[in-house]
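Chemist: Quick one: the structure is below, and I'll ask about it shortly.
2 protein chains.
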Amino acid sequence: MGKIDFWYDLASSYSYLAAMRIEAAAAKADVELRWRPFLLGAIFKAQGWDDSPFNLFPAKGRYMLRDLERVCAAAGLPFCLPATFPQRSITALRIALIALDAGWGVEFSKRAFELEFGEGRDIGDRIVLERLVFDLGRSPESVLASAETPQNKERLKRETGTAQALGIFGAPTFVTSDGELFWGNDRMEMALEWARRAQCHASDNQMP
Amino acid sequence: MGKIDFWYDLASSYSYLAAMRIEAAAAKADVELRWRPFLLGAIFKAQGWDDSPFNLFPAKGRYMLRDLERVCAAAGLPFCLPATFPQRSITALRIALIALDAGWGVEFSKRAFELEFGEGRDIGDRIVLERLVFDLGRSPESVLASAETPQNKERLKRETGTAQALGIFGAPTFVTSDGELFWGNDRMEMALEWARRAQCHASDNQMP
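Protein chains in written order, with our numbering: chain L, 1 to 208; chain X, 1001 to 1208.
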């Protein structure tokens, strides 16, 4: 079975589009999927940007908004750009790491994306996150405490460092097990097809 | 019949991908196509970049190269990144304007893209352009002279100003007659579908 890593930041609008459809697409392509949260803002900072390129370059930002409206409409997804964009996603990402370990990280991530880009809520707001965790049947106090241990903070930094070392510069990015990068929601199908074929070739090379 | 403007810069790698397939795609969608050359570098300069984002952000540049290799292979197009990227396209763009008026601008533009990104030749080199014009059965001296009149230089500036006023920030960009922008080779199908439907709606609104 082919494998793919789905690198995403919960602040990334195009990661929302990818998150809402990648499970079905990966299942259809018979590719094993791993969700990999990382902090895109840290990578932007490293290349000299202190804000989203959608804010730094206004024409691009206006376009993104219109493009998201159209693509969401075509995909039947709700869309409402939050008042603050991009949002501070660091706490949400730390929770996502904890939740992925415990088996509810995909559900948490998708719900966070829906709140943020479907309903325009602020996932940088601790109250919003606590309520989200509660609605998923977990204890907000205990989850937040685990998310904010020094070890887990360090882990998000390490994951972000791994993303950067892989050559990731935007989100979403799909990485196959043979190290191919595919950037953007529009490249999901090509990435899954690559992952599927890479696996076929690996099988071909196995001795009977 | 729906209408679409195809805004491109002859220095733009993803415009090459679009140029090689847009005629067939527009014909299939029954959309009337207009080729609109412009100088993307002038728009980059206006937002503070003095080079291509693919050079300013090395991870993005490395990714672009690999992405183009894969997409060209999938589309059956030759690909060879020229030693200098991006190339100085200003003279080629001035020729494209003249050639479009005279009915051979699409052929000229496609051949320039093929030389540049299919064979790695330098379309910033006057000798390469003269040979290209000659191979298309035109007089290089006379075409170059027309391309470099003050009026034609001014026209390319005006076209670039129009692109910027439309909100264009990259190439290729497709613009429908109702003013919708679609950025990137990956948005061509959505743009053509929009153009086709915009026309249907326009017909619906006409009194019988």
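Glycine residues also receive a C-beta, built at the ideal position from the N, C-alpha and C atoms.
Cβ of F1006 of chain X within 7 Å of Cβ of F1174 of chain X?
Modeler: yes
Chemist: Tell me which residues of the segment 1058-1072 of chain X have at least one Cβ-Cβ distance to chain L shorter than 9 Å, keeping chain order.
Modeler: For the segment 1058-1072 of chain X, which is checked against every Cβ of chain L, the residues closer than 9 Å are P1058, A1059, K1060, R1062, Y1063, R1066, D1067, R1070, V1071.
Chemist: Under three-state DSSP, which class holds I1123 of chain X?
Modeler: coil
Chemist: Is the CB-CB distance between I1004 of chain X and A1195 of chain X below 7 Å?
Modeler: Between I1004 of chain X and A1195 of chain X, the gap from beta carbon to beta carbon is short of 7 Å.
Chemist: Rank L:G2, L:Q47, L:D51 by C-alpha distance to the C-alpha of A27 of chain L and give the top, closest one.
Modeler: L:G2
Chemist: Let's test the definition: count the other Cβ atoms within 10 Å of the Cβ of F79 of chain L and tell me whether it reaches 16, buried, or not, exposed.
Modeler: buried
Chemist: Taking Cβ-Cβ distances below 7 Å as the criterion, which residues of the segment 169-187 of chain L are in contact with chain B?
Modeler: Of the protein chains in the structure, L and X, none is chain B.
Chemist: Beta-carbon within less than 7 Å of A1191 of chain X's beta-carbon, same chain only, minus the 5 sequence neighbours each way: which residues are those?
Modeler: For A1191 of chain X, where only same-chain residues beyond five positions count, the Cβ hits under 7 Å are I1004, F1174, T1176, F1182.
Chemist: Can you give the Cα-Cα distance for I123 of chain L and R1034 of chain X, rounded to whole angstroms?
Modeler: Straight across, the Cα-Cα distance linking I123 of chain L with R1034 of chain X is about 44 Å.
Chemist: So is Q47 of chain L in contact with chain X if we call contact Cβ pairs under 7 Å?
Modeler: yes
Chemist: Mind listing, in chain order, the continuous alpha helix (DSSP H) runs of no fewer than 4 residues lying wholly within the segment 1081-1125 of chain X?
Modeler: 1090-1102, 1105-1113
Chemist: Would you mind stating whether F1038 of chain X and A1163 of chain X have Cβ atoms separated by less than 7 Å?
Modeler: In this structure, A1163 of chain X lies closer than 7 Å to F1038 of chain X by Cβ.
Chemist: Would you tell me roughly how many angstroms separate the C-alpha atoms of A145 of chain L and R1036 of chain X, rounded to the nearest one?
Modeler: 57 Å
Chemist: Taking 7 Å as the CB-CB limit, is E189 of chain L close to chain X?
Modeler: no
Chemist: Count Cβ pairs between the segment 19-26 of chain L and the segment 91-110 of chain L that sit closer than 8 Å; are there 3 or more?
Modeler: yes
Chemist: Of the residues that make up the segment 140-169 of chain L, which ones have a beta carbon closer than 9 Å to any beta carbon in chain X?
Modeler: Only those residues of the segment 140-169 of chain L whose C-beta falls short of 9 Å from the nearest C-beta of chain X are listed: Q164, G167, I168, F169.
Chemist: Measuring straight from C-alpha to C-alpha, what distance separates G120 of chain L and R1187 of chain X?
Modeler: Cα-Cα distance, rounded: 26 Å.
Chemist: Just the Cα atoms here: how many angstroms apart are G1167 of chain X and E1141 of chain X?
Modeler: So the two alpha carbons sit approximately 36 Å from each other.
Chemist: Going by the CB atoms, is the gap between A1171 of chain X and Y1063 of chain X shorter than 7 Å?
Modeler: No; because the gap between Cβ atoms is not below 7 Å, this pair is not in contact.
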